[in-house]
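Novice:
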Amino acid sequence: MNRRIKTDRAPGAIGPYSQAIVTPAQGEFLFVSGQIAIDPQTGEMVQDDLRAEVTQVLKNLVGVIEGAGFLMEDAVKTTILLTDMSAFGVVNDLYSEVFGEILPARATFAVKSLPKNASVEIEAVCCRAPKL
Numbered sequence: 004m005n006r007r008i009k010t011d012r013a014p015g016a017i018g019p020y021s022q023a024i025v026t027p028a029q030g031e032f033l034f035v036s037g038q039i040a041i042d043p044q045t046g047e048m049v050q051d052d053l054r055a056e057v058t059q060v061l062k063n064l065v066g067v068i069e070g071a072g073f074l075m076e077d078a079v080k081t082t083i084l085l086t087d088m089s090a091f092g093v094v095n096d097l098y099s100e101v102f103g104e105i106l107p108a109r110a111t112f113a114v115k116s117l118p119k120n121a122s123v124e125i126e127a128v129c130c131r132a133p134k135l
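Sequential numbering from 4 applies to the sequence shown in our numbering.
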């Protein structure tokens, strides 16, 4: 079953994401809380530069997903929060490296501020199909 929805009845994706994802009626869902650039080894924020910050956010997201026993391929929806939309291109580039062809459905929002003065926060929803 192709989980990706691609229809000409709505605008096509303008970045590395799918218009929508269909999930099985049964299965296990994982709702990943928003991740910011806290280095889990030091407990400190990575804020040297935007690329380093986004890289750490994505490492944290992968860590939670895989730590829960899910695969990145199980990601069906992400939400990205940015304090400055000029970061959109950098986020897209690094996001593409992590998600590749998976292309979960996605939304990106500009927000006034984030915890710990973060520039970027990303959350995810994953769904693992039931084992037969």
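Ideal Cβ placement from N, Cα and C applies to all residues, glycine included.
Which same chain residues end up closer than 6 Å to residue 27 when comparing Cβ atoms and leaving out the 5 residues on each side of it in sequence?
Specialist: Here residue 27 corresponds to residue number 24 of the sequence shown, with the count starting at 1. Around residue 27: 132.
Novice: Closest to residue 125 by C-alpha separation, out of 109, 115 and 119, would be which residue?
Specialist: The residue given as residue 125 occupies position 122 in the sequence shown. The shortest C-alpha separation from residue 125 is found at 109.
Novice: Taking the C-alpha atoms as reference points, what is the distance between residue 45 and residue 79?
Specialist: Here residue 45 refers to the residue found at position 42 when the sequence shown is read from its first residue. Here residue 79 refers to the residue found at position 76 when the sequence shown is read from its first residue. Near 30 Å, if we compare the C-alpha coordinates of residue 79 and residue 45.
Novice: On a CA-only basis, which of 70, 9, 49 and 112 is nearest residue 89? Give me that one, please.
Specialist: Your numbering for residue 89 matches position 86 in the sequence shown. When only C-alpha atoms are compared, the closest one is 112.
Novice: Here's the rule I'm using: 16 or more other beta-carbon atoms within 10 Å means buried, otherwise exposed. How should residue 123 be labelled?
Specialist: Position 120 of the sequence shown holds residue 123. Buried, by the Cβ-count rule.
Novice: Going along the chain, which residues of its own chain have a beta-carbon closer than 8 Å to the beta-carbon of residue 87, five neighbours each way excluded?
Specialist: In the sequence shown, the residue the question calls residue 87 occupies position 84. Once the five neighbours on either side are set aside, the close Cβ partners of residue 87 are 113 and 122.
Novice: Helix, strand or coil: which one does DSSP assign to residue 73?
Specialist: Numbered from 1 along the sequence shown, position 70 holds the residue referred to as residue 73. In this structure, residue 73 counts as coil in the three-state DSSP scheme.
Novice: Confirm, please, whether the CB-CB distance from residue 127 to residue 60 is below 8 Å.
Specialist: By 1-based counting over the sequence shown, the position of residue 60 is 57. By 1-based counting over the sequence shown, the position of residue 127 is 124. No; because the gap between Cβ atoms is not below 8 Å, this pair is not in contact.
Novice: Here's the rule I'm using: 16 or more other beta-carbon atoms within 10 Å means buried, otherwise exposed. How should residue 107 be labelled?
Specialist: Indexing the sequence shown from 1 puts residue 107 at position 104. Residue 107 is buried by the Cβ-count criterion.
Novice: Is residue 119 helix, strand or coil when you go by DSSP?
Specialist: Position 116 of the sequence shown, counted from the first residue, corresponds to residue 119. Residue state, collapsed to three classes: helix.
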